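Under my numbering, the first residue of the sequence shown carries the number 1146, and numbering increases by one thereafter. From the three backbone atoms N, C-alpha and C, an ideal C-beta is built for every residue, glycine too. Note that the coordinates shown come from a computational prediction; the quantities given were computed from them, not determined experimentally.
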Amino acid sequence: MSKAFAKENAHLSIDEKLEKIKSVPNMGEPLRNEDGTITVKAVNYSDGEKYLCACSNFNGLKYDYSVSKNYCFCCAGHFKHHYEIMLGVKMKTLEIESSPLESNGKNPCVIKFAIL
């Protein structure tokens, strides 16, 4: 899917590609920041009361503790891989801005990337 997107949209600018990615299922809502970084509101599942983690290691589990945002760099790597292909650039994960795991479901999954 990422390779097909890249091929179909190769003629577009990064900002135009980011806008189109918003309509791709499970690729989140990317936003280009003023400093050139990209913030992605990743797949944000909710049970109506709180945000749920999309990670198969935690999705559906009952747990009553918070998990470090460091754990979320695994998921960030997955997004980074697909975004690099779709945008045609190399990227670096800068920060996990928020996570359902770390916030006990109060905050969505938000990841910040830099274009290298």
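Requested in this report: Assign L1261 to one of two classes, buried (16 or more other C-beta atoms within 10 Å of its C-beta) or exposed (fewer than that).
Outcome: L1261 should be labelled exposed.
Report task. Kindly provide the ranges of any beta strand (DSSP E) runs that are 3 or more residues long and lie completely inside the segment 1163-1198, ordered along the chain. Result -> The beta strand (DSSP E) runs lying completely inside the segment 1163-1198 and spanning 3 residues or more are 1174-1177 and 1183-1186, given in chain order.
Query raised in the report: Is S1211 near E1174, with beta carbons less than 7 Å apart?
Result: No. Outside cutoff.
**Report entry** L1232, enclosing alpha helix (DSSP H) - first and last residue
**Finding:** Note, L1232: alpha helix (DSSP H), F1218 to L1232.
Query raised in the report: Less than 7 Å separating the beta-carbons of M1236 and F1150?
Result: If you check the CB distance, M1236 and F1150 do not come in under 7 Å.
Query raised in the report: Excluding five sequence neighbours on each side, which residues of the same chain lie with their C-beta closer than 6 Å to the C-beta of A1155?
Result: The answer is none, since no qualifying residue turns up.
Query - Among E1240, C1254 and F1258, the one whose alpha carbon lies nearest that of C1200 - result: The shortest C-alpha separation from C1200 is found at C1254.
Report task. List the endpoints of the continuous alpha helix (DSSP H) containing F1150. Result -> Counting along the chain, the alpha helix (DSSP H) containing F1150 begins and ends at S1147 to E1153.
Query raised in the report: Do you know offhand how far Y1196's Cα is from S1168's?
Result: Taking the CA atoms as reference points, Y1196 sits about 21 Å from S1168.
Query raised in the report: Within 10 angstroms of its Cβ, does C1217 collect 16 or more other Cβ (buried), or is it exposed?
Result: By the C-beta density criterion, C1217 is buried, having at least 16 other C-beta atoms within 10 angstroms.
Query raised in the report: What residues are listed by DSSP as bridge partners for I1241?
Result: For I1241, which the question treats as bridged, DSSP gives the partners I1256.
Requested in this report: Can you grab the Cα-Cα spacing for the pair N1202 / T1182, in whole Å?
Outcome: Straight across, the Cα-Cα distance linking N1202 with T1182 is about 29 Å.
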